[in-house]
Structure formats: structure tokens, C-alpha cells
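Structure, as C-alpha cells:
In this note's numbering, the protein residues as written are 1013 to 1316.
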């Protein structure tokens, strides 16, 4: 059974109201008992640097009393598209719009009972590098024991979704189909069956298309994101803390539905070729400098 315990805390800067930070303490697996994962979450509300594209964004953390060479983690930047369905996409460049940065850190608490951390976000505009300092935040052992650090799982669904996605170690897209002919004319028949399946497996709805297991157990902190659902089929994305959790959910789905398959992985070479063709088409059609620059950024990222 995977060992999981943790959550998210939120800090608001009064002098910079468009920015806020939160943190999560979610250890990834039973081998990390005594270590905590901390997620820093920073949002810049609709950034617009004269409509510039911010290149090579990086999130650099600094944990006080911990040598730099002993800091382990991963940073991510997310583009958000909100509506009836919640959709987030990992990005390597920043266009004007809602952008979120998360940083996952493994914390040992081997030196102090209170961990203090601050950070810097760097980015480039027209080959000039800029930096944004982030305020200090802290996490104590007491907060991890009394569960006060996980209150944001119930208070801020969007922060919870991104924090849990950031701390997941594996994610897969599954195609689900049913041959139940009785429900072919009932557009909600398959959907109701799938939602009942999630409810029985203790998944709680935290967004219209996102479901989370909050209860202690082998599926704790697993996330299911419905990408599309129709009369007799659905595409879902599962975020799990371990391969074991993912396999458990897959077998449960296969027991309930007749046809469950893993979606084909995207071929990086094909994506790179498409990006290069798109850039050349922009140049051929004499599009604006901004459109050509955006196309070139994508090509440069896919073709190092």
C-alpha cells in the first residue's frame, strides 16, 4: 500500500495581489517515509509583457540550511484553460495569459523541524534574462502531523489539482468503450455508469471533470481527469503516485468495462516535423513577426 500524507498551504502577498504561492507535502511512495514533497505554486494573473513570449522559464528553489547539491526536485509551468472542463498543459514557454509554476521538492527534515524556502523564477525576453524573486515560505513537522497543511485540498480545487499532478510519478491516457446496446440511445447512460464506478471506488468530484481519492488507502491521491465523454466511450487521464496504483485502477476499469486500452503515445519526431512545417508555412505566407516568432519557439523546443 503506497504511503501518502501531505497537502497544500497558501500564502498571499499583500503588496503583489496578482501573485500567490502555496505548498504541498506529498511523499511519493513507501520508500520515502520520513521525507516530504513540497510543491510551491505561483500564479501570475494574465501576464502581458507587451505581448512578448517569455522563453526558457526556470524555477530555482533555495532551502535554508540545506546545501544546494542536496536539493532534489522538479519544476513545471502550466497553461490553464478553464471552462466547464478543467484543462492544464505543461509548457516550456510563456505567452500572455494565465500561467502557473509549480516546484516539487523532497524534504527530509533531518536538520530542522521547520523548513524555510524561497526561490527565483528566471526567463528571457529578446535574449535578455530577467528574474523574479519569490517570498519565503515554511513548513513545519507539526503542520504535517495535525493535517493543517492539507486544508487547501478542500479550499482551493485548482491549486489541489495542479499540486497533485506535479507530485504524480506516472500519468496515462485510457480509452474506454462499451458495447451496451441498451444505452445507445441514452446519452447519459454510459456517463452515469462511469460516474457510479468512480463513486464506488471513493473518487470525489473536485471539478466537473476531475475526481480525486482523498481517503486513506491504496489509491490515495490518485487523480482521474475526464478529457472527453460520449454516448458509449470516454477518454480519461489518470495521474498516480506509483505504477502499482495505476495498475490497480486499470484492472478495476477492465473488470467494469469491456474495452479499455492505453492511448497511443505521441511520437516526438512527428510533432517536431509538424512544428517545422508550421514555421515554414508562417514564413511562406508572410505572417506577422509575432506569429513567426511563436512558431519558431515551438520548433526550437522540439528540435534542440
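Note that beta-carbon positions come from the ideal geometry of N, C-alpha and C, so glycine has one too.
Every value quoted in this text rests on a predicted model; they were computed, and no experiment measured them.
Spatial neighbours of residue 1092 in its own chain (CB-CB distance under 7 Å, excluding positions within 5 residues in sequence) are listed in chain order as 1100, 1110, 1112.
Less than 7 Å separates the beta-carbon of residue 1309 from that of residue 1065. Listed in chain order, the non-local C-beta contacts of residue 1177 below 6 Å within the same chain comprise 1251, local neighbours out to five positions each way being set aside. Ranking 1246, 1215, 1188 by CA distance to the CA of residue 1235 puts 1215 first. Where residue 1249 is concerned, the enclosing beta strand (DSSP E) starts and stops at 1245-1252.
Burial is judged here by how many other beta carbons sit within 10 angstroms of a residue's own beta carbon; residue 1269 has at least 16 and is buried. Burial is judged here by how many other beta carbons sit within 10 angstroms of a residue's own beta carbon; residue 1142 has fewer than 16 and is exposed. Within the segment 1201-1242, the complete alpha helix (DSSP H) runs of at least 4 residues fall at 1201-1212. In this chain, the alpha helix (DSSP H) harbouring residue 1156 covers 1153-1157.
Under the rule that a run must span 4 or more residues, the alpha helix (DSSP H) segments found entirely inside the segment 1105-1192 read 1153-1157, 1164-1167, 1169-1179. In the DSSP annotation of this structure, residue 1267 is not part of any beta strand (DSSP E); the continuous alpha helix (DSSP H) holding it starts and ends at 1255-1268. For residue 1067, the pairing in a beta bridge is given by DSSP as 1105, 1136. Shown here for residue 1271: same chain residues with a beta carbon closer than 6 Å to its own, the five before and five after excluded, namely 1189 in chain order. In this model, residue 1181 and residue 1254 are separated by some 6 Å (Cα to Cα).
Annotated three-state conformation of residue 1271 is strand, per DSSP. Pairing residue 1133 with residue 1107, the inter-Cα distance amounts to about 15 Å. Cβ neighbours of residue 1067 within its own chain (closer than 6 Å, five residues either side excluded): 1105, 1136. Residue environment for residue 1292: exposed (fewer than 16 other C-beta atoms within 10 angstroms of its C-beta). Looking at 1213, 1305, 1246, the one whose alpha-carbon comes closest to that of residue 1232 is 1213.
Counting of Cβ neighbours within 10 angstroms places residue 1131 among the buried residues, the total reaching 16 or more.
Residue 1315 places its beta carbon 7 Å or farther from that of residue 1285. Residue environment: residue 1282 is assigned as exposed (fewer than 16 neighbouring CB atoms within 10 Å of its CB, all protein chains considered).
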